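Engineer:
Protein chains: 2
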Amino acid sequence: MQFFTAPVEHLIEQFQKLPGIGRKTAQRLAFFVLSLSEEDANTFATAVVDAKKSVKFCSVCQNLTDSEVCSICADKTRDASVICVVADPKDVVAIEKTREYDGLYHVLHGCISPINNIGPDDIRVKELLTRVAEGDVREIIMATNPDTEGEATAMYLARLLAPFEVAVTRLAYGIPVGGHLEFADEVTLTRALEGRREM
Amino acid sequence: MQFFTAPVEHLIEQFQKLPGIGRKTAQRLAFFVLSLSEEDANTFATAVVDAKKSVKFCSVCQNLTDSEVCSICADKTRDASVICVVADPKDVVAIEKTREYDGLYHVLHGCISPINNIGPDDIRVKELLTRVAEGDVREIIMATNPDTEGEATAMYLARLLAPFEVAVTRLAYGIPVGGHLEFADEVTLTRALEGRREM
Numbered sequence: 001m002q003f004f005t006a007p008v009e010h011l012i013e014q015f016q017k018l019p020g021i022g023r024k025t026a027q028r029l030a031f032f033v034l035s036l037s038e039e040d041a042n043t044f045a046t047a048v049v050d051a052k053k054s055v056k057f058c059s060v061c062q063n064l065t066d067s068e069v070c071s072i073c074a075d076k077t078r079d080a081s082v083i084c085v086v087a088d089p090k091d092v093v094a095i096e097k098t099r100e101y102d103g104l105y106h107v108l109h110g111c112i113s114p115i116n117n118i119g120p121d122d123i124r125v126k127e128l129l130t131r132v133a134e135g136d137v138r139e140i141i142m143a144t145n146p147d148t149e150g151e152a153t154a155m156y157l158a159r160l161l162a163p164f165e166v167a168v169t170r171l172a173y174g175i176p177v178g179g180h181l182e183f184a185d186e187v188t189l190t191r192a193l194e195g196r197r198e199m
Numbered sequence: 001m002q003f004f005t006a007p008v009e010h011l012i013e014q015f016q017k018l019p020g021i022g023r024k025t026a027q028r029l030a031f032f033v034l035s036l037s038e039e040d041a042n043t044f045a046t047a048v049v050d051a052k053k054s055v056k057f058c059s060v061c062q063n064l065t066d067s068e069v070c071s072i073c074a075d076k077t078r079d080a081s082v083i084c085v086v087a088d089p090k091d092v093v094a095i096e097k098t099r100e101y102d103g104l105y106h107v108l109h110g111c112i113s114p115i116n117n118i119g120p121d122d123i124r125v126k127e128l129l130t131r132v133a134e135g136d137v138r139e140i141i142m143a144t145n146p147d148t149e150g151e152a153t154a155m156y157l158a159r160l161l162a163p164f165e166v167a168v169t170r171l172a173y174g175i176p177v178g179g180h181l182e183f184a185d186e187v188t189l190t191r192a193l194e195g196r197r198e199m
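Going line by line, the protein sequences match chains A and B.
Note that the working numbering has the first sequence beginning at 1, numbered continuously upward.
Note that the working numbering has the second sequence beginning at 1, numbered continuously upward.
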C-alpha cells in the first residue's frame, strides 16, 4: 500500500534499509530531507556516493582509507614493531582516542564465528601473517572484544603466531574505571583478581 | 579531531545532521553504507536527490506530490464537497489508513504557533479560503492535532470560515479505543463524557 507520492515512498524505503531504522523513523528522516535546501540534499547524496567510491582498505593494516596506505601506517614516527589487532575500524578510533598507543594496527574486519559461518578466511588473517612473516614485528597486542567470538579469534591467532618470534599479548581484563564492585559480574571480578598487580 | 578517513568522516557528519541521529548512530549508518554494493549506495543517493527535486505541493490540497495535482484530488470518485484540514502530510496517510474517509484534504503544513513565530501567513490558510470561496464545499473537518497549537489553528480557521456557507466540524475527542479509563487524563475523560452518545 503506497500512501505518499512515489519519490517520497522510495526515499522512505531507502532509509528503512538502514540498520535500526523502522518505518516511522524513516518517514521522519525522509521529511527532513524534503525540508533541506536542494544544495544540502545534494551534499548528502554526494557524501554517500563518494564514501562508497573512494574508501578502500589500507594495503598494510586493512583499515579504511582513501589512499593506498592509511595515515597511521604512513606515519614514520609511530612504532612499527608493535601491531594492535582489532576486529573493526571503530576499535582503532577507540584506541586512538586514548592517545597512549603509538604502534600500528591490524583490522580484521570481523571475528571468527562458526555460528555465523565466518571462518579465518573471511577475515584479514592472511594479511596479518604476511606482515609478521616480513619481520621487524616485536609484539602483537590482541585487542579483539572480550566476548566469545573475540576470545576465540584471539586464541586462534595466538596459536597461528606461535611459530614466529613475536610476543603475543592480550588487553587486560578487570573492572572498568569508575565502575562499582557490586555491579561487576563474577567473571570480570575473577579476572580482575587474577590480574591484580602490586601498587 | 578526525579519526576516520575524510570521506567517511564527511558521511558521518552528514548523517549526524538528520534529526535524532547522534554521533554513534551516524557512525553505524555510515559503516552500513560502506558495506553496501556501489549500486545500492547510488540508489540511496539518487532517492535523496530525486525526492528533493521532484516532490512539489499539490496545487489543490497542498499535499506532497510529484505531479501538478495529487492522486487524491485527481480521483473523481471522491467526494469533493468535504475537505479534511490537517497539519501535515503524515496526517493524510493516517486518515487514509482508516479507509473510512472519501473526501478531499487540505494540508496546512504546520499550525499557528505564536511562540515559534508561525502565523496564519506561514501555513496554507489562504489556499484553503480560496478553495472554499470557489464554492461546492459542504463541510470542513478540522483534523489538526488535539494539542494547544492544533486547537488554536482549528478555532482560528473556524472563525475565518464563518462567513461562508459551510459546516465546520472537529474530530471527536474521547478515550482511545483499547485504552483504559484509569490511565486516561482528566481532560480527555471530561471530553469523552461531554461527547457521550446514545447506544
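Beta carbons are placed, not taken as given, at the ideal position from N, Cα and C, and that holds for glycine.
Just so you know, these numbers come straight off a predicted model, no measurement behind them.
#1: Cutting at 7 angstroms between CB atoms, please list the residues of its own chain near B/ALA143, excluding the five before and the five after it.
#2: Counting only Cβ pairs nearer than 8 angstroms, list the residues of chain B close to A/ALA74.
#3: Which residues in chain B have a C-beta closer than 8 angstroms to the C-beta of A/CYS70? List them in chain order.
#4: Where A/GLU36 and B/LEU129 are concerned, what is the direct C-alpha to C-alpha distance, given to the nearest angstrom?
#5: So for B/SER54, helix, strand or coil by DSSP?
#6: Going by beta-carbon coordinates alone, are A/ALA30 and B/GLU13 separated by less than 9 angstroms?
#7: Is the region 41-60 of chain A close to the region 43-58 of chain B, with three or more CB pairs under 8 angstroms?
#8: Which word fits B/ALA154, buried or exposed, when buried means at least 16 other C-beta atoms lie within 10 angstroms of its C-beta?
#9: Does the Cβ of B/THR148 have 16 or more other Cβ atoms within 10 Å, making it buried, or fewer, making it exposed?
#10: Report yes if the CB atom of B/ARG138 is closer than 9 angstroms to the CB atom of B/VAL82, and no otherwise.
#11: Under the assumption that A/ASP102 contacts A/ARG78 (Cβ atoms under 8 angstroms), give the Cβ distance between them as a whole number of angstroms.
#12: For B/LEU104, which residues does DSSP report across the bridge?
#13: Chain A partners of B/ASP66, CB-CB under 9 angstroms?
#14: Answer yes or no: do B/PHE4 and A/LEU64 have a C-beta to C-beta separation smaller than 9 angstroms?
#15: When you compare each of B/ARG124, B/PRO19, B/GLU134 to B/CYS61 by their alpha carbons, which one comes out closest?
#16: At a CB distance below 8 angstroms, what residues from the region 71-103 of chain B approach chain A? Give them in sequence order.
#17: Return the Cβ separation of B/ALA192 and B/GLY174 in integer angstroms, given the expectation that the two are a contact with Cβ distance under 8 angstroms.
#18: Leaving aside the five residues before and after A/ASP136 along the sequence, list all residues of the same chain whose C-beta is less than 8 angstroms from its C-beta, in chain order.
#19: Is the CB-CB distance between A/CYS111 and A/ALA158 below 9 angstroms?
#20: Should B/HIS180 go down as buried or exposed, given a rule of 16 or more other Cβ atoms within 10 Å for buried?
#21: Are any of the Cβ atoms in chain B nearer than 9 angstroms to that of A/ILE116?
#22: Quick one: measure Cβ to Cβ for A/ALA6 and B/ASP66, integer angstroms, because I've assumed they're closer than 8 angstroms.
#23: When the Cα atoms are used, what is the spatial distance from B/THR169 to B/ILE141?
Structural biologist: Let me spell this out:
#1: CYS84, VAL85, VAL86, ASP91, ILE95, LEU171, listed in sequence order.
#2: What A/ALA74 touches in chain B: nothing, since even the nearest Cβ is about 12 angstroms away.
#3: Residues of chain B whose Cβ lies closer than 8 angstroms to the Cβ of A/CYS70 are, in chain order, THR5.
#4: Looking at the sequence shown, residue 36 of chain A is not Glu but Leu. Rounded to the nearest whole angstrom, the CA to CA distance from A/LEU36 to B/LEU129 is 28 angstroms.
#5: The DSSP-derived three-state label of B/SER54 is helix.
#6: Judged by their CB atoms, A/ALA30 and B/GLU13 are not nearer to each other than the 9 angstroms cut-off.
#7: The region 41-60 of chain A is in contact with the region 43-58 of chain B.
#8: B/ALA154 is classed as buried because its beta carbon has at least 16 other beta carbons within 10 Å across all chains shown.
#9: Exposed, since its Cβ has fewer than 16 Cβ neighbours within 10 Å.
#10: In this structure, B/VAL82 lies closer than 9 angstroms to B/ARG138 by Cβ.
#11: So it is a contact: roughly 5 angstroms between Cβ atoms.
#12: According to DSSP, B/LEU104 bridges with B/ILE83.
#13: Those are THR5, ALA6, PRO7, VAL8, listed as they occur along chain A.
#14: Going by C-beta atoms, B/PHE4 is nearer than 9 angstroms to A/LEU64.
#15: Taking only the C-alpha atoms, the option nearest B/CYS61 is B/ARG124.
#16: For the region 71-103 of chain B, residues whose beta-carbon sits nearer than 8 angstroms to a beta-carbon of chain A comprise SER71, PRO89, LYS90, VAL92, VAL93, GLU96, LYS97.
#17: About 4 angstroms separates the two Cβ atoms, so the contact holds.
#18: Hits under 8 angstroms: ALA80, SER81.
#19: Not in contact: A/CYS111 and A/ALA158 (Cβ atoms no closer than 9 angstroms).
#20: With fewer than 16 other beta carbons inside 10 angstroms of its own, B/HIS180 counts as exposed.
#21: Position check: residue 116 of chain A holds Asn in this sequence, whereas Ile was assumed. When Cβ-Cβ separations below 9 angstroms define contact, A/ASN116 makes no contact with chain B.
#22: The beta-carbon distance between A/ALA6 and B/ASP66, rounded to whole angstroms, is 6 angstroms. This is short enough to meet the 8 angstroms contact definition.
#23: Near 5 angstroms, if we compare the C-alpha coordinates of B/ILE141 and B/THR169.
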